[in-house]
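A.B. asks: Handing you a structure now.
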Amino acid sequence: MGLFSALNISASALSAERERSEVAVSNLANVDTTRTEGGSGPYRRREVVLESVGTSPFQSVLNNASDLRAGTVPSGGVKLTHVVEDGADPIRRYDPGHPDADKDGYVSFPAINPAEEMVDLMGSVRAYQLNASAVSASKQMIQQSIDLLKS
Amino acid sequence: MGNVSILSQLESYLSLTNQRETVIASNMANVDTPGYHTKDLDFQHELARATAAPDGTTPHAVVRDVSGLLERPDGNNVDIDREAMKLSEVQLQYQMGTQLMKGEFHQLITAINGDE
Chain C
58 MGLFSALNIS
68 ASALSAERER
78 SEVAVSNLAN
88 VDTTRTEGGS
98 GPYRRREVVL
108 ESVGTSPFQS
118 VLNNASDLRA
128 GTVPSGGVKL
138 THVVEDGADP
148 IRRYDPGHPD
158 ADKDGYVSFP
168 AINPAEEMVD
178 LMGSVRAYQL
188 NASAVSASKQ
198 MIQQSIDLLK
208 S
Chain W
1498 MGNVSILSQL
1508 ESYLSLTNQR
1518 ETVIASNMAN
1528 VDTPGYHTKD
1538 LDFQHELARA
1548 TAAPDGTTPH
1558 AVVRDVSGLL
1568 ERPDGNNVDI
1578 DREAMKLSEV
1588 QLQYQMGTQL
1598 MKGEFHQLIT
1608 AINGDE
């Protein structure tokens, strides 16, 4: 629990939110992707899973006791545990000329709603801004402590 | 030993403010974590406890879940406006603490140097 722990917590949120917006952008980019590497059908929408770290008292005391190792999320921070695929069925559109059409002439497109992705993107951008302002608040407080040394 | 006792009280005040800032930063970090509950510490109570504690020791503040906040369907109840307000409050409190500490140091320096 030093001056810099708040900075580390905000930094963990910044990286989690950035990854979240990357996933939303990748969903938007692949809105019409009908084939993926390995030939396993159309692109599937991805979603992130966020998890808070060390909110149980034992875990937080343990994290504070053992020195923070590089790359670990500080107690009280957030981490992106995994990126999951949406299980929704692909949307089928009739397009017999398409190279990925099946024998009935239907093409499977990913079940992605651009509006939903945009809302998700906006949410992560706002959360990023919020945490960035928390970083500048922490920085200001640290600066004030340093200013104590000036006479 | 007036200055020294005031300085140690200011130290526990600053340490507590800093702990609260960490808690608020953690609430802000978890603004999109499903099932997360807003946490905070009772500043008045903790400050009274810290100033009553013997010199040189700072008791660890008790962090509790905040009740009475509206919970979203995913079980998260972080209110961005509340956190932003608390953050600026803590920032100003910290500034006040450091300024008071500066004043104390200044007084000590004056006492050491005499009236030059």
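Residue numbers (the numbering used here), protein chains in the order written: chain C, 58 to 208; chain W, 1498 to 1613. A virtual CB, placed ideally from N, CA and C, is assigned to each residue, including glycine.
Assuming W/L1504 contacts W/M1598 (C-beta within less than 8 Å), just tell me the rounded distance between them.
C.D. replies: Position 7 of the second sequence, counted from the first residue, corresponds to residue 1504 of chain W. Position 101 of the second sequence, counted from the first residue, corresponds to residue 1598 of chain W. The pair is a contact, with the Cβ atoms about 7 Å apart (cut-off 8 Å).
A.B. asks: Using the three-state DSSP reduction, which class does W/S1512 fall into: helix, strand or coil?
C.D. replies: Reading the second sequence from its first residue, position 15 is the one you call residue 1512 of chain W. If DSSP states are grouped into helix, strand and coil, W/S1512 belongs with the helices.
A.B. asks: Determine the chain W residues that contact C/A145 at a beta-carbon separation under 9 Å, and present them in chain order.
C.D. replies: For the purposes of this step, residue 145 of chain C is identified with residue 88 of the first sequence, where counting begins at 1. Going along chain W, no residue has its Cβ under 9 Å from C/A145, so there is no contact; the nearest lies around 19 Å.
A.B. asks: Could you give the DSSP three-state label for C/I169: helix, strand or coil?
C.D. replies: Numbered from its first residue, the first sequence carries residue 169 of chain C at position 112. In this structure, C/I169 counts as coil in the three-state DSSP scheme.
A.B. asks: Determine the chain W residues that contact C/L137 at a beta-carbon separation under 7 Å, and present them in chain order.
C.D. replies: Within the first sequence, the letter at position 80 stands for residue 137 of chain C. Near C/L137 there are no residues of chain W at all, since even the closest Cβ is about 10 Å away, more than 7 Å.
A.B. asks: DSSP puts C/K136 in a beta bridge; with which residues?
C.D. replies: Here residue 136 of chain C corresponds to residue number 79 of the first sequence, with the count starting at 1. Note: C/K136 sits in a beta bridge opposite C/E108.
A.B. asks: Is the CB of C/N188 under 7 Å away from at least one CB in chain W?
C.D. replies: Numbered from 1 along the first sequence, position 131 holds the residue referred to as residue 188 of chain C. Cβ-Cβ to chain W under 7 Å: yes for C/N188.
A.B. asks: Should C/K136 and C/E104 be called a contact, given that it needs their Cβ atoms to be closer than 7 Å?
C.D. replies: The residue you call residue 136 of chain C lines up with position 79 of the first sequence. The residue you call residue 104 of chain C lines up with position 47 of the first sequence. Going by C-beta atoms, C/K136 is not nearer than 7 Å to C/E104.
A.B. asks: Roughly how many angstroms lie between the CA atoms of W/V1559 and C/S132, to the nearest whole one?
C.D. replies: As a first step, residue 1559 of chain W must be located in the second sequence, where it is residue number 62. As a first step, residue 132 of chain C must be located in the first sequence, where it is residue number 75. About 15 Å.
A.B. asks: Is the shortest distance between the beta-carbon of W/S1523 and the beta-carbons of chain C less than 7 Å?
C.D. replies: Mapped onto the second sequence, residue 1523 of chain W falls at position 26. Yes, W/S1523 counts as interfacial toward chain C.
A.B. asks: I'd like to know whether the C-beta atoms of C/S62 and W/T1535 end up nearer to each other than 7 Å.
C.D. replies: Taking the first residue of the first sequence as 1, we reach residue 62 of chain C at position 5. Taking the first residue of the second sequence as 1, we reach residue 1535 of chain W at position 38. Cβ distance not < 7 Å, so C/S62 and W/T1535 don't count as in contact.
A.B. asks: Buried or exposed for C/G111, going by 16 or more other Cβ atoms inside 10 Å?
C.D. replies: Sequence index remark: in the first sequence, residue 111 of chain C carries index 54 (1-based). Looking at its Cβ environment, which holds 16 or more other Cβ atoms inside 10 Å, C/G111 is buried.
A.B. asks: Would you mind stating whether W/R1569 and W/P1556 have Cβ atoms separated by less than 7 Å?
C.D. replies: Numbered from its first residue, the second sequence carries residue 1569 of chain W at position 72. Numbered from its first residue, the second sequence carries residue 1556 of chain W at position 59. No, these two residues do not count as a Cβ contact at 7 Å.
A.B. asks: At least one CB of chain W closer than 7 Å to the CB of C/I203: is that the case?
C.D. replies: Within the first sequence, numbered from 1, the residue matching residue 203 of chain C stands at position 146. Closer than 7 Å: no.
A.B. asks: Comparing the C-beta of W/E1518 with each C-beta of chain C, is any distance below 7 Å?
C.D. replies: The sequence position of residue 1518 of chain W within the second sequence is 21, counting from 1. True, the Cβ-Cβ gap to chain C drops below 7 Å.
A.B. asks: Given that C/S195 touches chain W, what residues does it touch there, using C-beta distances under 8 Å?
C.D. replies: Locating residue 195 of chain C in the first sequence gives position 138, where the first residue counts as 1. Per Cβ cutoff of 8 Å: E1518, A1522.
A.B. asks: Closest Cβ-Cβ distance between W/L1584 and chain C: below 7 Å?
C.D. replies: Counting from one through the second sequence, the residue named residue 1584 of chain W turns up at place 87. Yes, W/L1584 counts as interfacial toward chain C.
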